[in-house]
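Residue numbers (this note's numbering): 1282 to 1333.
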């Protein structure tokens, strides 16, 4: 997030990449949790779209 904010301040377009080496342990854990929730939601959406 910090790198993305620096890009915006420099009038550049944020690229959406996350530098895992710069994350603290708690940030890494939150990211893992968020990505698991996103994957779960995506699977749910894909399953319900096939049932229509």
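Quick reminder that beta carbons are idealized off the backbone N, C-alpha and C, glycines included.
As the structure is a computational prediction, the values presented were derived from the model and not from experiment.
Check	Outcome
Spatial neighbours of residue 1283 within its chain, please: C-beta separation below 8 Å, excluding the five flanking residues on both sides.	1303
Rounded to a whole number of angstroms, what is the C-alpha to C-alpha distance between residue 1289 and residue 1310?	25 Å
Out of 1330, 1308, 1327 and 1293, point me to the one whose CA is closest to residue 1299's CA.	1308
Let me make sure I understand the geometry here. Which of 1327, 1330, 1322 and 1313 has the alpha-carbon closest to that of residue 1301?	1313
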